[in-house]
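The working numbering runs 282 ahead of the 1-based position in the sequence shown.
We treat Cβ as the ideally placed atom computed from N, Cα and C, and that holds for glycine.
Everything numeric in this text was worked out from a predicted model, so none of it was measured.
Report on one structure; see the data block that follows.
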Amino acid sequence: MSRIGSLKPIDVETPHGQVRVSSRFRSDFHCYRLRLYGPAQGVQWLLPKRPVQSNADGMALAEVSHPNQPITTIATLDQFRRELVERWKDRLELGADDPALVLLHGGSAAPSAAPATFGALVVQFLAVHKIHVRAATLKGYDVRLQRWKKYIPATTPLAGINADLIRVGMQRLSTDLKVESVNSFYRVLKVCLNYAVDSGFLRERPHRGIKPLKGTRAEQRWWTGTEVALVLTAAEADKRAPEDALLVFALALYLGIRRGEIDRMQWSDLTLDGPEPVACVRSVEGAMTKSGKTRYIPICDELRTILVRHRQSAGHVVRGSRKQRGKWLYRYEAQKLFRRVTKAAGVTKIRFHDMRHTFASFMLGKGVPVFKVARWLGHADSRITEQVYAHLLTYDADINVLKLGAKPAASEEDEGCPIQPT
Numbered sequence: 283m284s285r286i287g288s289l290k291p292i293d294v295e296t297p298h299g300q301v302r303v304s305s306r307f308r309s310d311f312h313c314y315r316l317r318l319y320g321p322a323q324g325v326q327w328l329l330p331k332r333p334v335q336s337n338a339d340g341m342a343l344a345e346v347s348h349p350n351q352p353i354t355t356i357a358t359l360d361q362f363r364r365e366l367v368e369r370w371k372d373r374l375e376l377g378a379d380d381p382a383l384v385l386l387h388g389g390s391a392a393p394s395a396a397p398a399t400f401g402a403l404v405v406q407f408l409a410v411h412k413i414h415v416r417a418a419t420l421k422g423y424d425v426r427l428q429r430w431k432k433y434i435p436a437t438t439p440l441a442g443i444n445a446d447l448i449r450v451g452m453q454r455l456s457t458d459l460k461v462e463s464v465n466s467f468y469r470v471l472k473v474c475l476n477y478a479v480d481s482g483f484l485r486e487r488p489h490r491g492i493k494p495l496k497g498t499r500a501e502q503r504w505w506t507g508t509e510v511a512l513v514l515t516a517a518e519a520d521k522r523a524p525e526d527a528l529l530v531f532a533l534a535l536y537l538g539i540r541r542g543e544i545d546r547m548q549w550s551d552l553t554l555d556g557p558e559p560v561a562c563v564r565s566v567e568g569a570m571t572k573s574g575k576t577r578y579i580p581i582c583d584e585l586r587t588i589l590v591r592h593r594q595s596a597g598h599v600v601r602g603s604r605k606q607r608g609k610w611l612y613r614y615e616a617q618k619l620f621r622r623v624t625k626a627a628g629v630t631k632i633r634f635h636d637m638r639h640t641f642a643s644f645m646l647g648k649g650v651p652v653f654k655v656a657r658w659l660g661h662a663d664s665r666i667t668e669q670v671y672a673h674l675l676t677y678d679a680d681i682n683v684l685k686l687g688a689k690p691a692a693s694e695e696d697e698g699c700p701i702q703p704t
């Protein structure tokens, strides 16, 4: 067999930075494999069942093949990668730690007996995850899995769980819940069933081939200048963590940076003295940006005033807290802080990420060139910015230079004439 084609590399987000997932044809084994390259902790997070060796730079390279059969076509390889990426995204969003990773590091003992029914699986799944996730995450698992027992009875044998049962359950859930909520219930069920497969309780994934429901894309929203002022005032008056609250909102609104980038930013990344203050959003091992590149964003006068007032000699800009158990993707509870402050401010309800849209909309609305905004946002191509914010770029006053119906002046006619030799 000869090699025919390869997959386009993609970047997968992990709690320890991005990992590049590409493909390779192994002529010695006559099959395709996936190649994972990135921070060693990130690669280990993606491959919890096998030890990952890091090089001197803290990076690691690993290959992944199908556990049951060699992959001989690009189409099969692409499907295999899609399934893995979907599972990895679920783990990242739900904060789920694979129990195999805990066992690998000696955190706990393996379950003693294999569950025979769906109800027994749920009990064991919750028990295994009890000491490895936050209480709120565990409660979310419990609530959703108990609801699933209405559609997959607790007495159902594990081998009896199939795609039809799951699809019917999702259809019935959709009569009472929004699409986003149904997909949330489905993600938790997948985590539970993946645990059963990884633990050897199931031979195949009954949910294979079932995709989340498609809903209408949420309309982009952002705050007005008045609302931004109200939010910053409410953040500074926050009773629990006023300094962190103000810095989180100020960095998001004045720099347009992502939640993870706010979490990782340190005072050494900010140049506040001199005539040209600038923020450096770094991409280094264990703290990679989404694009994988370091970028620089100028700091406006209003943000510099806030930062200078709270400046520290070193350390993270947002100090946060990690006192609660479980795996934290961020050093502060971003969603709780966001909801608390915005509720106090009484402003339009938007998502945390929409503060980034607020920044971009203000810049583009004031006529800042698209290529500059794209660079500050960290978009690899300004066409991405144009697609996302096309509604702000629909009119260009330069069109008014076109005056086809007007009679040209004599000077305009002269300008169109060829130059005569003297």
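Over what stretch of residues does the alpha helix (DSSP H) that includes residue i continue unbroken?
{"i": "SER463", "result": "461-480"}
{"i": "ILE579", "result": "Per DSSP, ILE579 belongs to no alpha helix (DSSP H); it is in the beta strand (DSSP E), 577-580."}
{"i": "LEU328", "result": "322-328"}
{"i": "SER721", "result": "Beyond the ends of the chain as shown, which are 283 and 704, falls residue 721; an answer cannot be given."}
{"i": "TYR423", "result": "417-430"}
{"i": "SER643", "result": "636-647"}
{"i": "TRP504", "result": "Per DSSP, TRP504 belongs to no alpha helix (DSSP H) and is neither H nor E."}
{"i": "ILE666", "result": "664-670"}
{"i": "GLN453", "result": "445-455"}
{"i": "THR624", "result": "616-627"}
{"i": "LYS412", "result": "Taken as a continuous stretch (DSSP letters only), LYS412 belongs to no alpha helix (DSSP H), as it is neither H nor E."}
{"i": "ILE544", "result": "541-546"}
Provide the residue span of the beta strand (DSSP E) that contains residue i, from first to last.
{"i": "MET341", "result": "341-346"}
{"i": "SER595", "result": "Looking at the DSSP string, SER595 is not in any beta strand (DSSP E), and its letter there is neither H nor E."}
{"i": "ILE681", "result": "No beta strand (DSSP E) contains ILE681, which DSSP labels as neither H nor E."}
{"i": "VAL294", "result": "292-296"}
Hey, how far is the Cα of residue i from the Cα of residue j?
{"i": "GLN548", "j": "ILE539", "result": "13 Å"}
{"i": "LEU455", "j": "LEU374", "result": "24 Å"}
{"i": "PRO703", "j": "TYR578", "result": "Per-residue confidence for PRO703 stands at a pLDDT of 45, beneath the threshold of 50, marking its modelled position as unreliable; the derived number appears in the next sentence. Cα to Cα, the separation comes out at about 52 Å."}
{"i": "THR399", "j": "CYS562", "result": "53 Å"}
{"i": "THR624", "j": "ALA516", "result": "8 Å"}
{"i": "GLU365", "j": "LEU359", "result": "10 Å"}
{"i": "LEU533", "j": "PHE641", "result": "10 Å"}
{"i": "GLY647", "j": "ALA436", "result": "55 Å"}
{"i": "LEU659", "j": "TYR433", "result": "44 Å"}
{"i": "GLN361", "j": "GLU368", "result": "11 Å"}
{"i": "VAL294", "j": "ASP310", "result": "28 Å"}
{"i": "GLY324", "j": "ARG302", "result": "10 Å"}
{"i": "LEU318", "j": "GLY556", "result": "42 Å"}
{"i": "PRO524", "j": "TYR468", "result": "37 Å"}
{"i": "ILE292", "j": "TYR423", "result": "29 Å"}
{"i": "PRO352", "j": "SER288", "result": "16 Å"}
{"i": "THR630", "j": "GLU509", "result": "8 Å"}
{"i": "ALA672", "j": "ALA656", "result": "13 Å"}
{"i": "LEU427", "j": "GLU558", "result": "54 Å"}
Among the options, which residue has its Cα nearest to the Cα of residue i?
{"i": "PRO349", "options": "GLY442, PRO435, ASP480, ASP458", "result": "ASP480"}
{"i": "LYS331", "options": "VAL346, THR296, PRO321, ASN337", "result": "VAL346"}
{"i": "ASP551", "options": "VAL599, LEU512, SER288", "result": "VAL599"}
{"i": "ARG586", "options": "ARG541, GLY542, ALA626, LEU535", "result": "LEU535"}
{"i": "ARG487", "options": "ILE448, TYR423, GLY649, THR667", "result": "ILE448"}
{"i": "ALA344", "options": "ALA357, LEU328, ILE356", "result": "LEU328"}
{"i": "LEU619", "options": "ARG429, TYR314, GLY649, ALA519", "result": "ALA519"}
{"i": "GLY507", "options": "ALA445, SER643, HIS411", "result": "SER643"}
{"i": "THR419", "options": "PHE311, ILE356, VAL473", "result": "VAL473"}
{"i": "SER305", "options": "ASP458, ASP339, ARG363", "result": "ARG363"}
{"i": "LEU537", "options": "HIS411, ALA596, HIS639", "result": "HIS639"}
{"i": "LYS371", "options": "GLU584, ASN465, GLY602, GLY597", "result": "ASN465"}
{"i": "VAL502", "options": "LEU495, LEU459, MET637", "result": "Here residue 502 turns out to be Gln, not Val, going by the sequence shown. Nearest option by C-alpha distance: MET637."}
{"i": "VAL334", "options": "GLN326, ALA441, VAL513", "result": "GLN326"}
Buried or exposed, going by whether 16 or more other CB atoms sit within 10 Å of the CB of residue i?
{"i": "LEU686", "result": "exposed"}
{"i": "ASP526", "result": "buried"}
{"i": "PRO580", "result": "exposed"}
{"i": "PRO651", "result": "exposed"}
{"i": "THR296", "result": "buried"}
{"i": "GLN669", "result": "exposed"}
{"i": "PRO321", "result": "buried"}
{"i": "VAL590", "result": "exposed"}
{"i": "GLN300", "result": "buried"}
{"i": "CYS582", "result": "exposed"}
{"i": "LYS290", "result": "exposed"}
{"i": "THR457", "result": "exposed"}
{"i": "ARG315", "result": "buried"}
Taking DSSP's pairing of strands, which residues face residue i in a bridge?
{"i": "LEU552", "result": "ALA561"}
{"i": "THR399", "result": "PRO439"}
{"i": "ARG317", "result": "SER304, GLU345"}
{"i": "ILE353", "result": "TYR314"}
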